[in-house]
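Asks:
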Amino acid sequence: MKPFFILLFCSLTVFAKKKENKSYRGHGVHAHGAGTLSIAFEGANGRIDLKITSESIVGFEYAPKSAKDKNKSNSAILALEKNISEMIVFDPLLKCKISKENIEIVADSEKHSDLVAGFGVACSKSPVGTEIVFNFQKQFPKIKDLDVEVVADNIQKSVEVTKINTRLLLK
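Residue numbers (my numbering): 30 to 200.
#1: Roughly how many angstroms lie between the CA atoms of Gly149 and Lys97, to the nearest whole one?
#2: Please go through the same chain and pick out, in chain order, the residues whose beta-carbon is closer than 6 Å to the beta-carbon of Lys126, but skip the five residues on each side of it.
#3: Taking the runs of the beta strand (DSSP E) that are 3 residues or longer, which of them lie wholly in the stretch 65-129?
#4: Taking C-beta to C-beta, are Leu109 and Ile86 nearer than 8 Å?
#5: Would you kindly work out how many angstroms separate the C-alpha atoms of Thr159 and Val118, rounded to a whole number?
#6: With 16 other CB atoms within 10 Å as the buried threshold, where does Gly55 fall?
#7: Whole angstroms is fine: what's the gap from Ile161's alpha carbon to Gly62's?
#8: Pull up the CB-CB distance for Ser83 and Leu144, whole angstroms please, since I reckon it's below 8 Å.
#9: Spatial neighbours of Ser102 within its chain, please: CB distance less than 6 Å, with the 5 preceding and 5 following residues excluded, ordered by chain position.
#10: Can you find a heavy atom of the ligand HEM that lies under 7 Å from the Cβ of Pro170?
#11: Look up Leu199 in the DSSP assignment and give the residues it is bridged to.
#12: Which of helix, strand or coil does DSSP assign to Phe148?
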């Protein structure tokens, strides 16, 4: 299964390069409210990878020092983990279970940081032929532009999530 995800990551990277005409996609450029989400399935099992400016989730990008900032950061990360299945909604008939693998804040400079998260997904069958609904802005209204790439078996789709209830049909 690991070789599949390595191959998938490489193909998603190449696919995403075609969309690099947006100003925040260049190396070293950082835009608040922007991020990427990759979802990859092999059969009924998959992986979700999220990378987004930490300001969009936590509310700030600096390393939290005060108790108030540490609580705010921890609460936001916990909300992401707890509510991910409400932000990425698979068809209920698939009985998908999303589980956290990692969530961390990675600083790329003194002033900028990103939240990077990985989740595993286990469903009763492949999501091909179903719809995924994205509701990130319900929980995190500072998210303005989330570029989503989904690969499921032989289907490859993308969508730009800019509002609640954005849908992607996997056909």
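Every residue gets a Cβ at the ideal spot worked out from N, C-alpha and C, and that includes glycine.
Replies: Per the coordinate set shown:
#1: 31 Å
#2: Ala151
#3: 74-82
#4: yes
#5: 11 Å
#6: Here Gly55 scores only 35 on pLDDT, less than 50, and its place in the model should not be relied on; the value that follows carries that caveat. By the neighbour-count rule (16 or more Cβ atoms within 10 Å), Gly55 is not buried but exposed.
#7: 21 Å
#8: 5 Å
#9: Val87, Pro93
#10: Within the structure as shown, the ligand HEM is missing, as the structure has no ligands at all.
#11: According to DSSP, which records beta bridges pairwise, Leu199 is partnered with nothing at all.
#12: strand
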